[in-house]
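Chemist: One structure is given below, represented as structure tokens, and several questions about it will come after.
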Amino acid sequence: MFRLKQELRIPGPVPVPANVLLASARPMINHRGVEFKHKLPQILERLKPVFFTKDTVLALTGSGTAAMEAAVANLVSPGDPVLVLVGGSFGQRWAELCQSYGADLHVVSYPWGTGVDPQAVKEALDLNPDIEVVFATHNESSTAVLNDIESIGEVVKNYPALLVVDAVSSLGGSPLETDSWGIDMVCAASQKCLMTPPGLAFVSVSQRARERMEGVTSPRYYLNLLTYEKMLAKGEPPFTPNLANFFALDEALDMIYEEGLDNMFIRHMLMRDMVRVGMEALELELLVLDKWASPTVTSVRPEGFDVVEFCQRLREQYGLELAGGQGKFTGEIFRIGHMGYATPLDMLTTLAAIECCLGRYGVATAPAGKLWNQWIKEN
Ligand SMILES: Cc1ncc(COP(=O)(O)O)c(C=O)c1O
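Letter by letter, the sequence shown follows residues 41 to 419 in our numbering.
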């Protein structure tokens, strides 16, 4: 039987370009040898513009959650008052991590499927001015909401608290201006918009974050970012890194710079808009309003059919892999990933498969195709 070609349209991991995969297949090198001493700082330097920072960017071997845990372990001592913004599974993850490290947890909850209101953050900080760190999510992948981190940064700037942002599913797909928006630490991962296999996590560290890390008493060893910084000064990682992923990332960064960051952001917005007009044409309800719509993932809440069964049929009959809902949206929504190595053509095939599976033809691809044509005309 024909082995279906799998179209991976989930919010990460994303399809990896063949040249990036090939780059990861080269023989191992000495991670403390001359070549890697040159490569490691060079790759981290090349990541800085993607992070919109002039400060340090560090890499850990691990998934995005390793970067998040590193942020908490290095910035929070037991009993420290922290504020976590929770409107989905990944905001919830911040809360669980802070709890694990014994923080005095304060939460601003916002409805799943909406973005956090910066005014609510201001009110929480006015009520608890001793908050030391605010943890936010840029792109809440569980709901497909892009939060307005610039406005949150504007608020947090007026208080002594540091601002830490999970940008695991947005870094490279949507601008996050770390330095100018006042973000002290950004967490990211290789397997999303950076179109590299899973296995590398990244954190940016501001001067304020670095100073705070020195005094934090939480136990940490593998995730001690001070060790990573100290070793980086010698061009070395503290532990044996995921070398294959570094080779891959280097190649992916070539592609990112070839396209240009601004063009990458525009491509992601075009794909978001194509998916949204396509879903509307199919009369499938979008979970998120335009103002919070994520450029990297779209969530759809259809009425009248079983989403789990629908995703299973798409997978088994069409080879299209979408993501289901998480947490309170389990069984209620499906999510279409459009990040990293994804193209407008991928959006048309995704829409076409969805409409075929629904038994409707040509309704969704026409308005999405029009958007693409208009974009081609303008660029
Ligand atoms: C917004 C966000 N944060 C954190 C994570 C966790 O990353 P990982 O699964 O790589 O640990 C994810 C993964 O999907 C995510 O989308």
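Glycine residues also receive a C-beta, built at the ideal position from the N, C-alpha and C atoms.
Just so we're clear, the structure is a prediction, and the values are computed from it rather than from any experiment.
Is M108 a contact residue of ligand 1, with contact defined as CB to any heavy atom under 8 Å?
Modeler: M108 Cβ: within cutoff of ligand 1.
Chemist: Taking only the alpha-carbon atoms, compute the straight-line gap between G359 and A288 and give it to the nearest angstrom.
Modeler: Roughly 26 Å between the two C-alpha positions.
Chemist: Contact between the segment 191 to 209 and the segment 318 to 330 is defined here as three or more beta-carbon pairs at a separation below 8 Å; is this criterion met?
Modeler: With a cut-off of 8 Å, the segment 318 to 330 and the segment 191 to 209 do not count as touching, because too few Cβ pairs lie within range.
Chemist: At 3 residues or longer, what runs of the beta strand (DSSP E) sit wholly inside the segment 56 to 135?
Modeler: DSSP runs (the beta strand (DSSP E)) wholly in the segment 56 to 135: 96 to 101 and 121 to 126.
Chemist: Under the criterion of a Cβ to heavy atom distance below 8 Å, does T105 qualify as lining ligand 2?
Modeler: Among the ligands present in this structure, namely ligand 1, ligand 2 is not found.
Chemist: Going by the CB atoms, is the gap between A176 and L211 shorter than 9 Å?
Modeler: Cβ atoms of L211 and A176: not closer than 9 Å.
Chemist: Grab me the residues of F374's own chain with a C-beta within less than 8 Å of its C-beta, minus the 5 sequence neighbours each way, in chain order.
Modeler: S339, V340, P342, V347, F350, C351, L362, A363, G364 and G365.
Chemist: Suppose the cutoff is 8 Å on Cβ atoms and the five residues either side in sequence are ignored; what does the same chain contact list for V54 look like?
Modeler: So the qualifying residues of the chain are L48, Q231, K232, C233, M235, G377, M379, G380, Y381 and A382.
Chemist: Inspect the CB distances between the segment 129 to 140 and the segment 99 to 115 and report whether three or more fall short of 8 Å.
Modeler: Because the criterion of three Cβ pairs below 8 Å is met, the segment 129 to 140 and the segment 99 to 115 touch.
Chemist: Do N179 and ligand 1 come close, with the Cβ less than 8 Å from some heavy atom?
Modeler: Under cutoff, so the answer is yes.
Chemist: Using a Cβ-based criterion (distance less than 8 Å to any ligand heavy atom), does A160 qualify as near ligand 1?
Modeler: Because no heavy atom of ligand 1 lies under 8 Å away, the Cβ of A160 does not count as near it: no.
Chemist: Report the residue from R316, I189, R353 and P215 whose alpha carbon sits nearest the alpha carbon of A406.
Modeler: Measuring from the Cα of A406, the nearest candidate turns out to be R316.
Chemist: Excluding the five sequence neighbours on either side, which residues of its own chain have a C-beta within less than 7 Å of the C-beta of L398, listed in chain order?
Modeler: So the qualifying residues of the chain are L322.
Chemist: Take L145 and list the residues in its own chain whose beta-carbon comes closer than 7 Å to its own, dropping the five residues that flank it on each side.
Modeler: Here the set comprises V122, V124, A135, C138 and Q139.
Chemist: Any chance the segment 271 to 285 sits against the segment 99 to 109, with 3 or more Cβ pairs inside 8 Å?
Modeler: As far as the Cβ criterion goes, the segment 271 to 285 touches the segment 99 to 109, which means the pair count is three or higher.
Chemist: Go ahead and pull the three-state DSSP assignment for A393.
Modeler: Correct three-state label for A393: helix.
Chemist: How far does the beta strand (DSSP E) with M462 in it extend, from its first residue to its last?
Modeler: The question about residue 462 has no answer here: the residues shown for the chain are numbered 41 through 419.
Chemist: When the Cβ atoms of the segment 236 to 246 are set against those of the segment 49 to 68, are three or more pairs found closer than 8 Å?
Modeler: Touching, yes.
Chemist: What is the residue span of the beta strand (DSSP E) that K193 lies within?
Modeler: A small correction: the amino acid at residue 193 is Gly; Lys does not occupy that position in the sequence shown. Premise fails: G193 lies in the alpha helix (DSSP H), I189 to V196, not in any beta strand (DSSP E).
Chemist: Taking T420 as the reference, which of F305, F76, K197 and P118 has the closest Cα?
Modeler: This structure leaves residue 420 out entirely; the chain is present only between 41 and 419.
Chemist: Three-state secondary structure (DSSP) at F287?
Modeler: The answer is helix: DSSP assigns F287 an H, G or I state.
Chemist: Is I376 helix, strand or coil by DSSP?
Modeler: It is a strand residue.
Chemist: Quick one: any contact between the segment 215 to 232 and the segment 85 to 95, if contact means 3 or more CB pairs under 8 Å?
Modeler: Counting Cβ pairs under 8 Å, three or more are found: they touch.
Chemist: Below 8 Å, is the gap between the Cβ of R375 and the nearest heavy atom of ligand 1?
Modeler: No, the Cβ of R375 stays beyond 8 Å of every heavy atom of ligand 1.
Chemist: Taking the straight line between their C-alpha atoms, what separation do you get for D330 and A273?
Modeler: Using only the alpha carbons, I get a separation of about 44 Å.
Chemist: DSSP three-state call for G300: helix, strand or coil?
Modeler: The answer is coil: DSSP assigns G300 none of H, G, I, E or B.
Chemist: Are the CB atoms of P81 and G275 nearer to each other than 9 Å?
Modeler: It is a contact, given that the beta carbons lie within the stated cut-off.
Chemist: Over the uninterrupted beta strand (DSSP E) stretch that includes A176, give me the two end residues.
Modeler: Element bounds for A176: V173 to T177.
Chemist: Write down the C-beta distance between D290 and A63 rounded to the nearest angstrom, noting that I regard them as a contact closer than 8 Å.
Modeler: At roughly 7 Å, the Cβ-Cβ gap stays under 8 Å, so D290 and A63 are in contact.
Chemist: At the level of alpha carbons, what is the spacing between P158 and P118?
Modeler: Answer to the nearest angstrom: the Cα atoms are 27 Å apart.
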